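Residue numbers for the sequence shown follow our numbering, so the first one is 4 and each next one is one higher.
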Amino acid sequence: MKRAASTPPPMHGNEMRYNPATGRWVIYALSRRQRPRELIGSREGARTEPAYDELCPFCPGHEQDLPPILLEYGRGDSHRQIRVVRNKYPALTPEGDLKRVCQGMYMRMEGYGHHEVLIESPEHNRQIPVMTPEEVELIIEAYHRRYLKLIGVQKNLLVVIFRNYGRRAGASLMHPHSQIISTGVVPGHVREMEYRAQGYFDQWGSCMYCDMLAEELSAGVRIIHANRSFVSFIPYAAAQPFEIWIMPREHKAHFGDISAEEKTDLASSLHAMLRRIQERLNDPDYNYVIHSSAKYRSDEPQAHWFLQIGPKLTTRAGFEIGSGMSINTSLPEDDAAFLMPDPLPEKGAGNASQE
Ligand SMILES: [Zn+2]
Ligand SMILES: [Zn+2]
């Protein structure tokens with residue numbers, strides 16, 4: 004790291020922390036502090052789903068309700084582990100073009116892009132925590148194949164891979180699935196994170212995310228899990244309780260450049276983290292998303308892809324909407340300690356320490 008380590012002065016009352024990746028200050032409302040267990044208590048309870056749901060369009064036998072299958076494969080004899088289809092109700096469609104049209108002082112364009120659904124299992128209730136790591140690796144493999152396919156389309160500038168789990172996270176179906184959307188524009192949020200990483204690189208001559216990883220490994224107090232290729236931690240200025248970043252140790256701007264070894268290790272990290280939050284946070288709704296560089300920045304030294312998991316345990320309210328700042332009632336170090344294999348919490352520890 005570039006800056007000499009020093010002992011921080013004690014905080015008086017509440018604390019604010021700055022996230023250099025987003026440029027956002029986060030308020031840690033320690034006077035309204037909630038212990039991890041209180042946050043878990045805000046969920047209704049673990050859900051149960053049948054292995055087959057006759058009303059679910061993703062369950063086997065309902066292929067007539069599905070758009071054409073883009074990709075289907077499995078492991079060994081099974082051809083039916085993973086299916087990728089176009090989203091039946093797409094946010095964006097590949098038929099549009101990128102021409103901007105002015106309407107007075109305003110501007111519009113056609114809703115160009117791709118919107119795909121990745122059905123992760125034929126079984127309606129086979130969520131990632133109960134899959135084997137090999138099954139999760141098939142999902143990562145499908146992400147990679149579709150990512151390469153879509154980023155290779157000339158008009159696509161960004162490919163976002165994400166998973167919404169539960170209604171609070173925006174999922175309308177419980178059948179295990181992820182989504183992939185490509186866009187023909189670079190959204191302002193992505194551009195802002197790029198500018199921040201570029202500014203950091205210009206100042207310090209190194210990748211902010213590589214430095215963050217080194218800082219986290221050196222501090223050690225926010226890391227939950229690590230393997231050969233990835234480190235999973237709660238960021239120093241996490242915007243919400245139990246936000247987890249799974250960061251590749253090797254600097255790569257582009258998720259498309261993930262290696263075979265990294266795919267195995269990402270599956271293992273993701274599996275471990277989703278099991279951990281299911282067991283310890285009472286199966287919360289969550290989103291995860293893979294942040295990857297926009298297409299034309301794929302070789303740049305300041306961009307570094309990673310996967311972000313955000314459990315839905317709190318709600319953004321008026322001040323947060325008005326200021327863009329987040330109020331987090333739980334400290335990252337406490338959250339990380341709660342998700343660590345040891346010491347085990349009183350209930351539901353399972354075999355998390357073996358992951
Ligand atoms: Zn289903
Ligand atoms: Zn890096």
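We put the beta carbon where it would ideally sit given N, CA and C, even for glycine. Since this is a predicted model, take the numbers as computed values, not measurements.
Spatial neighbours of R278 within its chain, please: CB distance less than 6 Å, with the 5 preceding and 5 following residues excluded, ordered by chain position.
If we look at R278 and ignore the five residues flanking it on each side, its Cβ neighbours are P132.
CB-CB under 7 Å to K158, same chain, minus the five flanking residues each way: which ones, in chain order?
Contacts found: L101, Y115 and G187.
Give a yes or no on whether the minimum CB-CB distance between Y76 and chain C is below 7 Å.
Protein chains in the displayed structure number just one, and chain C is not present.
Comparing alpha-carbon positions, which option in E282, A172, I312 and L284 lies nearest I293?
Per the Cα distances, I312.
Take H228 and list the residues in its own chain whose beta-carbon comes closer than 8 Å to its own, dropping the five residues that flank it on each side.
Within the same chain, H228 has close Cβ partners V234, S235, S272, A275, M276, R279 and E358.
Can the beta-carbon of L33 be found closer than 7 Å to that of N17?
Yes. Within cutoff.
Count the other CB atoms within 10 Å of the CB of Y92; is the residue buried (16 or more) or exposed (fewer)?
Burial call: exposed.
Under DSSP, the alpha helix (DSSP H) around G207 begins and ends at which residues?
At residue 207 the sequence reads Trp, which differs from the Gly that was named. First-last of the alpha helix (DSSP H) with W207: G191 to W207.
Since Y289 is in the alpha helix (DSSP H), which residue starts that stretch and which ends it?
It is not in any alpha helix (DSSP H) - Y289 instead sits in the beta strand (DSSP E) that spans Y289 to H294.
Quick check: is any heavy atom of ligand 2 less than 6 Å from the C-beta of H254?
It does: the Cβ of H254 is within 6 Å (strictly closer) of some heavy atom of ligand 2.
Is it buried or exposed for G107, if we count other Cβ within 10 angstroms and need 16 for buried?
It is exposed - the Cβ of G107 has fewer than 16 other Cβ atoms within 10 Å.
Which value, in whole angstroms, describes the spacing of the CA atoms of V156 and L95?
One C-alpha to the other measures close to 15 Å.
Compare the beta carbon distance of A256 and E195 with 7 Å and say whether it is the shorter of the two.
No, they are not a contact pair.
Are the CB atoms of E140 and T267 nearer to each other than 7 Å?
In contact: E140 and T267 (Cβ atoms closer than 7 Å).
Considering only C-alpha positions, which residue in the set R103, H15, T332 and L151 is nearest to K298?
The option with the nearest alpha carbon to K298 is L151.
Give me the pocket residues for ligand 1, defined as CB within less than 5 Å of any heavy atom, sorted by chain position.
In chain order, the hits are D56, C59, F61, C62, H127 and H178.
Spell out the partners DSSP gives F322 in its beta bridges.
Answer is none; F322 lacks a bridge partner.
Among the candidates L316, K315, P314 and N331, whose CA atom is the shortest distance from the CA of F322?
Residue N331 is the option with its Cα nearest to F322.
Can you pull the DSSP bridge partners for P314?
The partner list for P314 (beta bridge, DSSP) reads Y289.
Kindly indicate which three-state DSSP category Y21 falls into: helix, strand or coil?
DSSP places Y21 in strand when its eight states are reduced to three.
Would DSSP call Q182 helix, strand or coil?
Here Q182 sits in strand by DSSP.
Could you spell out the range, first to last residue, of the alpha helix (DSSP H) harbouring A217?
Element bounds for A217: M211 to A222.
What residue ranges within the stretch 77-139 form continuous beta strand (DSSP E) runs of no fewer than 3 residues, ordered along the chain?
Listed in chain order, the complete beta strand (DSSP E) runs (minimum 3 residues) inside the stretch 77-139 are 85-89, 104-106, 109-111 and 116-122.
So what does V162 bridge to, in DSSP terms?
Paired residue(s): S185.
In angstroms with no decimal places, state the Cα-to-Cα distance between E138 and R27.
Going by the C-alpha atoms only, they are around 37 Å apart.
In the DSSP assignment, find the unbroken beta strand (DSSP E) run with I247 in it and report its ends.
Counting along the chain, the beta strand (DSSP E) containing I247 begins and ends at I247 to P251.
With DSSP collapsed to three states, give me the class of A263.
A263 falls in the helix class under three-state DSSP.
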